[in-house]
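Q: First the structure, which I've put down as C-alpha cells, then a few questions once you've had a look.
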Amino acid sequence: MNTHYWVVDEGVDNLCEHPQIKAAAQLLKDQQVVAFPTETVYGLGGNAQSDDAIDRVFQAKGRPSDNPLIVHIASRDLVYDYVSTVNKKAKQLMDAFWPGPLTIVFPHNGTLSTKVTAELPTVAIRMPDHPVALAILTEAALPVAAPSANTSGRPSPTTADHVFGDLDGKIAGIVNGGPTGVGVESTVIDCSGEVPMILRPGGLTKEKIERVVGPVDVDPSLIEEQEAPRSPGMKYTHYAPIAKVTLVEGTDSFFQRQIDKAKQEGLGVGVLVTEEKAGSFEGVTTVTCGTRDNLASVARGLYGALRQFDDHGEVDVIIAQVYPETDIGQAIMNRLRKAAANRIVVENEE
Ligand code: AMP
Ligand code: MG
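Position in the sequence shown (from 1) plus 195 gives the number in our numbering.
So this is what it looks like as C-alpha cells:
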C-alpha cells in the first residue's frame, strides 16, 4: 500500500479548510486508516462505526482484538450519540478536562462497531486537545477509534517519524503535525461505581482528577501484580523496546555497579537517565529523557528514548532510573515497569 504523507503546520488558521486535512478526513470516510497527532501520542484512526475500518486498525498494528480501542470525538456533546448514560461524575470530568488527556469509560448504546469495544457493554471515549486531531475529527464528522499508531508491543509514537518507521506501507496515510506534547497516553477512568477508578495512569494526573471529583481509586492490578486488570489492554506487555530493561533505584555508585555487572556478562549496556546524569556513566550508550526537576519533560521524551536504543542496535540491556510516583510520575513508572516486565533492583534490598 502506498502511504500518503502530509505535513501540517498546527499553528495555521482554519485547519479544517486545508487540503491535507480534507484528504486525511476523506480517507477516514472511505474506511481507511490514517495516523495523526494528538496531544498525548500519535493515534491510528479508523471510523468507529465501521467493522472494516476497525479490522484495518487492528491488522496494521498487529494488536490483539480483545483489547478495545478509545473513540475520539470532536466535541463534548457528541458523547451522547454513543453512550446510554453520562453520570454526574463523568459529566464533571468531561467539563473540566475535555479536550484533554482523559479517557472516560461509559456504558455504550450499541451504535459503534462491536470490534471497537471488544464486545464489552462499555466504550472508552475522549476528546483530544490537538488542533490537527480536532480538525480531522471535525472534517470527517465521524467517531474515530484511534489507538497509538505503533506496531503492537513497540513504544508508542511521539513523532511522525516513529509512525513512519512502524507503519509505512501498511496504512493509507500519515499526518505529520510535529512532536506530541504530553508523550504518554491518556489516563483511562471508569466512573460507573460509587468511587471513580483509574484503569490506566496517563497524561492527566490523579491529583488533578481528585480536585474535581474527590477521591478516586486506582485499579488494584496496577499495584498488585496478581490482580486481573479491569482495563483489558493493561494485561499486555506494552511499550517494550527490543533490549531488556531493568529499573534501578539507588545511588549513582549502585547504578554503576549494575552497569559493571552487565558488562562483565559481555552485554551491550544502555542507560536511560535524565539530562543531569548525561556524562555520569562510562562505556555505555547513554540516552536521556528530560530533566529530573520537570517530570513532564521525562514523559515527553520517554518513548522516543526507548526507540533510540532499538535503533542503536548494540544495546542488549537498558538500565533505567526510577521516578517519584507522584503526578505524571505515576504514568512514567507504569510505562517503565511494563517495559521492564517489572524487573526492578533496589539498593537497600540487594
Ligand atoms: P490504547 O488504544 O493503546 O491507548 O489503549 C486503550 C486502553 O483503553 C487499553 O488499555 C484498553 O484496554 C482501555 N479500554 C478501552 N476500552 C475500554 C473499556 N470499554 N473498558 C475498559 N478499558 C478500556
Ligand atoms: Mg498503545
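For glycine and all other residues, C-beta sits at the position ideal for the given N, C-alpha and C.
As the structure is a computational prediction, the values presented were derived from the model and not from experiment.
Is residue 353 helix, strand or coil when you go by DSSP?
A: Position 158 of the sequence shown, counted from the first residue, corresponds to residue 353. If DSSP states are grouped into helix, strand and coil, residue 353 belongs with coil.
Q: Are residue 219 and residue 366 closer than 9 Å when you measure CB to CB?
A: Translated into the one-based positions of the sequence shown, residue 219 becomes position 24. Translated into the one-based positions of the sequence shown, residue 366 becomes position 171. No, the Cβ-Cβ distance between residue 219 and residue 366 is not below 9 Å.
Q: With residue 289 as the anchor, note down where its alpha helix (DSSP H) starts and where it stops.
A: The residue given as residue 289 occupies position 94 in the sequence shown. 283-292 is the span of the alpha helix (DSSP H), which, as asked, contains residue 289.
Q: Between residue 371 and the rest of its own chain, which residues show a CB-CB distance below 6 Å, the 5 nearest in sequence each way excluded?
A: Taking the first residue of the sequence shown as position 1, residue 371 is located at position 176. Excluding sequence neighbours, residue 371 sits near 202, 355.
Q: Quick one: what's got a C-beta closer than 8 Å to residue 547's C-beta in the same chain, skipping five residues either side?
A: With the chain running from 196 to 545 in the structure shown, residue 547 is simply not present.
Q: Tell me residue 546's beta-bridge partners as DSSP assigns them.
A: Any question about residue 546 goes unanswered here, given that the chain covers just 196 to 545.
Q: Among the residues of its own chain, which have a CB less than 7 Å from the CB of residue 427, if the five just before and after it don't count?
A: The residue you call residue 427 lines up with position 232 of the sequence shown. Here the set comprises 261, 262, 263, 313.
Q: Measuring alpha carbon to alpha carbon, tell me which of 540, 321, 254, 476 ends up nearest residue 555.
A: Here the chain comprises residues numbered 196 to 545, so residue 555 is not present and cannot be evaluated.
Q: Just tell me which of 437, 444, 449, 501 has its CA closest to the CA of residue 467.
A: As a position in the sequence shown, residue 467 is number 272, starting the count at 1. If we check each option's Cα against that of residue 467, 501 comes out closest.
Q: Can you determine whether any heavy atom of the ligand AMP sits closer than 8 Å to the C-beta of residue 262, and answer yes or no?
A: Counting from 1 along the sequence shown, the entry for residue 262 is found at position 67. Checking the Cβ of residue 262 against the ligand AMP gives yes.
Q: Could you tell me the alpha carbon to alpha carbon distance between residue 275 and residue 216, rounded to whole angstroms?
A: Against the sequence shown, residue 275 aligns to sequence position 80. Against the sequence shown, residue 216 aligns to sequence position 21. Answer to the nearest angstrom: the Cα atoms are 26 Å apart.
Q: What is the residue span of the beta strand (DSSP E) that residue 318 lies within?
A: As a first step, residue 318 is located in the sequence shown; it is residue number 123 there, counting from the start. From DSSP, the beta strand (DSSP E) with residue 318 extends over 317-321.
Q: When we look at the beta-carbon of residue 209 and count the other beta-carbons within 10 Å, is it buried (16 or more) or exposed?
A: The residue you call residue 209 lines up with position 14 of the sequence shown. With fewer than 16 Cβ atoms within 10 Å of its Cβ, residue 209 is classed as exposed.
Q: What residue does the alpha helix (DSSP H) around residue 528 start on, and which one ends it?
A: Counting from one through the sequence shown, the residue named residue 528 turns up at place 333. Looking at the DSSP string, the run of the alpha helix (DSSP H) that includes residue 528 is 524-534.
Q: By Cβ distance, which residues of its chain are closer than 7 Å to residue 350, with the 5 residues on each side in sequence left out?
A: Sequence index remark: in the sequence shown, residue 350 carries index 155 (1-based). 434, 436, 498, 501, 502, listed in sequence order.
Q: For residue 385, does the three-state DSSP call read helix, strand or coil?
A: Taking the first residue of the sequence shown as position 1, residue 385 is located at position 190. Residue 385 falls in the strand class under three-state DSSP.
Q: What are the start and end residues of each continuous alpha helix (DSSP H) run of 4 or more residues lying completely inside the segment 444-473, in chain order?
A: You should have 447-459.
Q: Specify, as a first and last residue, the run of the alpha helix (DSSP H) that residue 243 falls within.
A: What you label residue 243 is simply residue 48 of the sequence shown in a count that begins at 1. Run containing residue 243: none; DSSP gives neither H nor E here.
Q: Rounding to the nearest angstrom, what Cα-Cα distance links residue 231 and residue 296 in this structure?
A: Working through the sequence shown from its first residue, we reach residue 231 at position 36. Working through the sequence shown from its first residue, we reach residue 296 at position 101. Using only the alpha carbons, I get a separation of about 15 Å.
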